[in-house]
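Here the UniProt record's numbering is used: the first residue of the sequence shown is 1, the next is one more, and so on. Working notes, structure below.
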Amino acid sequence: MFLSPVVYLSKICRYFSMFSTDRLTVPEYVSNRLHNRRTGSGPRAVSPGISADVRAVLDGSLPALRSAIKTLKSSKDTGDVEETRRAIAETFQLVEEAWVLPTVGRRVAEEMCNRIRLDGGLELLLQLLQTPAVGITYESAKLLEQILVSENRDYVARMGLGVILNLTREQDDAQLARSVSGILEHMFKHTEETSAQLITNGALDTLLYWCRGTDPTVLRHCAVALANCAMYGGHRCQRLMIEKQAAEWLFPLAFSKEDELIRFHACLAVAVLAANREIEKEVVKSGTLELVEPFIASLDPEEFARNLLDSADSMQGRTAADLQHLLPLLDGTCLEGKCIAAFYLCVETSIKSRQRNTKVRQTLYLLLSHIFACVRRVLRQGFQVFTTNPAQLLLKTSPKLAQSRFEGVPR
């Protein structure tokens with residue numbers, strides 16, 4: 001059990017150079033819709049410094065987005081429920097199509113999500129979430145979940161956190177739970193203060209209540225939300241999670257046989273909690289931590305990356321800022337944490353290689369250096385239990401990094 005994570009870490013060098021860089025194919029229905037929308041000649045309300053590929057897509061999609069937001073405003077003012085629903089659905093489809101674009105998807109979607117806020121669409125959604133029309137509430141929550149990029153999370157935290165908390169009180173509404181659990185997944189990435197407000201006002205209780213259910217969409221959102229709460233919420237929120245027995249509720253999620261993504265994020269959440277020495281004993285008592293290493297050891301990083309790419313919710317992977325939150329796991333003493341962080345970085349390297357995202361890959365390169373340093377320390381301690389010598393593997397795949405990380409270590 002002690003040496004298994006070390007054995008796993010030795011495989012990382014091999015995976016780092018084997019990831020495919022084949023360009024993904026744009027889905028036909030996305031290409032057709034974007035092509036049909038490129039007849040508009042509206043102003044280019046996009047951020048400076050974006051690539052030509054991103055600008056080309058935005059030139060075709062932003063006019064349709066502006067039109068949908070304009071329709072949404074007018075239909076709300078006139079009280080036309082059906083027109084409001086159509087405008088929300090059109091906006092949702094535009095954003096959804098942007099998120100699934102390969103290579104440029106994240107940048108295109110972020111620009112569109114920010115444009116929705118700047119054009120007043122986000123404020124409208126928060127208002128519509130408070131209307132008595134249930135259908136409008138469902139559609140608005142579904143769209144809000146899709147557009148919670150960083151700047152929009154800031155806005156919601158300042159102007160609409162109470163609206164979100166009111167939605168979490170509708171625990172037994174299965175359809176609403178699908179969207180609200182996703183909204184919480186994003187909002188737990190905002191700040192430690194926001195996470196603490198969510199927890200103290202019942203949002204974590206609602207997530208744990210939904211963990212009792214069987215809806216895979218809700219369970220996946222719950223698992224990621226708990227992982228985000230643990231990673232971004234700081235020690236205060238981690239302590240609150242333990243007090244509310246989150247580690248125990250992570251056990252059935254980490255033991256799920258139907259969805260590897262649910263299991264993975266549940267394992268990530270418990271590994272992050274265990275890395276906090278102040279609550280480590282409570283986490284160990286839950287029994288969930290014991291599930292982490294065997295599960296991760298059974299996975300293949302490239303295959304898992306393909307599974308993420310097939311999921312609309314996770315196909316863009318994590319940002320560089322997100323990946324920085326794995327550093328405490330790599331630098332900590334919890335072997336399960338090191339194991340799952342190393343695996344996650346391998347997966348993200350595969351995703352970013354396929355996306356040709358060189359900026360984030362540079363961050364991944366630096367983070368992987370921590371893993372190689374860990375392997376180097378273990379080798380110096382005399383544990384010669386690797387299936388393949390990591391120094392030899394690293395020399396073969398990344399010579400410069402290998403020479404710096406394994407200097408003086410027997411090969």
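All residues carry an ideal CB built from backbone N, CA and C; glycine is no exception. Keep in mind that this is a model prediction, so the values were computed, not measured.
N-terminal and C-terminal residue of the alpha helix (DSSP H) that A52 is part of
52–78 is the extent of the alpha helix (DSSP H) around A52.
Can you check which of these residues, R158, L345, A320, L327, is closest to I296 by C-alpha distance?
Taking the Cα of I296 as reference, the smallest distance to any Cα among R158, L345, A320, L327 is reached at L345.
So, at 8 Å on beta carbons, what are the nonlocal neighbours of E282 in its own chain, with the 5 sequence-adjacent residues on each side left out?
I242, A247
Could you check whether L167 and V149 sit closer than 9 Å to each other, using their CB atoms as the reference points?
no
Alpha carbon to alpha carbon, how far is C211 from S350?
30 Å
A275, DSSP secondary structure in three states:
coil
So, for G202: in the same chain, excluding its five sequence neighbours on each side, which residues have a beta-carbon less than 8 Å away from its beta-carbon?
L165, T168, R169
Three-state secondary structure (DSSP) of P27
The predicted model places P27 with a pLDDT of 41, which falls under 50 and marks its position as unreliable, so this point remains unresolved.
Closest residue to R306 among K352, A68, G233, W249 (Cα-Cα distance):
Ranking K352, A68, G233, W249 by Cα distance to R306 puts K352 first.
Using DSSP with H/G/I as helix, E/B as strand and the rest coil, what is G213?
Three-state result, G213: coil.
P132, DSSP secondary structure in three states:
coil
From T319, E348, K257, residue whose alpha carbon lies closest to that of F304:
Ranking T319, E348, K257 by Cα distance to F304 puts E348 first.
So A269 and L226 are in contact, right, with Cβ under 8 Å, and what is the actual spacing, rounded?
4 Å
How about I136 and R86: do their beta carbons lie closer than 9 Å?
no
Residues near Y209 in its chain [Cβ-Cβ closer than 6 Å; skip 5 each side]:
Q171
Per-residue DSSP class, three states only, for L188:
Residue identity differs from the one stated: residue 188 is Phe in this sequence, not Leu. Coil.
Quick check: H265 and A223, are their CB atoms within less than 9 Å of each other?
yes
What three-state label does DSSP hand V100 in the structure shown?
coil
Of the residues D331, R55, V81, the one placed nearest R277, counting alpha carbons only
D331
Using 8 Å as the cut-off, can you tell me whether the region 122–140 makes contact with the region 65–85, which would need three or more C-beta pairs spanning the two stretches below that distance?
yes
On a Cα-Cα basis, can you pick out the residue from H190, D300, R153, G160 that is closest to C113?
R153
Taking a contact to mean a Cβ-Cβ separation below 9 Å, would you say K338 touches L327 in this structure?
Not a contact, by the Cβ cut-off of 9 Å.
If you check the beta carbons only, do V54 and R115 fall under 9 Å apart?
Their beta carbons are not under 9 Å apart, which means V54 does not touch R115 by this criterion.
My understanding is that L143 touches T91, with C-beta atoms under 8 Å, so please give their C-beta distance in whole angstroms.
The beta-carbon distance between L143 and T91, rounded to whole angstroms, is 6 Å. This is short enough to meet the 8 Å contact definition.
May I have the straight-line CA-CA distance separating V284 from S51, to the nearest angstrom?
48 Å
What is the rounded straight-line gap between the Cα of I88 and the Cα of A68?
8 Å
Inside the region 257–331 only - alpha helix (DSSP H) runs reaching at least 4 residues
260–274, 280–286, 292–297, 301–309, 320–324, 327–331
Sub-9 Å separation of L299 and E260 beta-carbons
In terms of Cβ geometry, L299 and E260 form a close pair [threshold 9 Å].
Can you name, in chain order, every residue of its own chain whose Cβ lies under 7 Å from the Cβ of I199, other than the five neighbours on each side?
Counting only residues of its own chain and dropping the five nearest sequence neighbours on each side, I199 has a CB closer than 7 Å to the CB of C237, L240.
Terminal residues of the continuous alpha helix (DSSP H) containing G105?
105–118
Collapsed DSSP secondary structure at E147 in the structure displayed
At residue 147 the sequence reads Ile, which differs from the Glu that was named. The three-state secondary structure of I147, taken from DSSP, is coil.
In terms of residue numbering, what span does the alpha helix (DSSP H) encompassing N238 cover?
The sequence shown places Gln at residue 238, not Asn. Its alpha helix (DSSP H) spans residues 234–243.
Could you check if M159 is buried or exposed, using at least 16 other CB atoms within 10 Å of its CB as the buried criterion?
Exposed, by the Cβ-count rule.
Helix, strand or coil at F255 [DSSP, three-state]
Reduced to three states, the DSSP call for F255 is coil.
Roughly how many whole angstroms lie between the Cα atoms of I324 and E96?
With the sequence shown as reference, residue 324 is identified as Gln, and Ile is not the correct amino acid for it. Roughly 27 Å between the two C-alpha positions.
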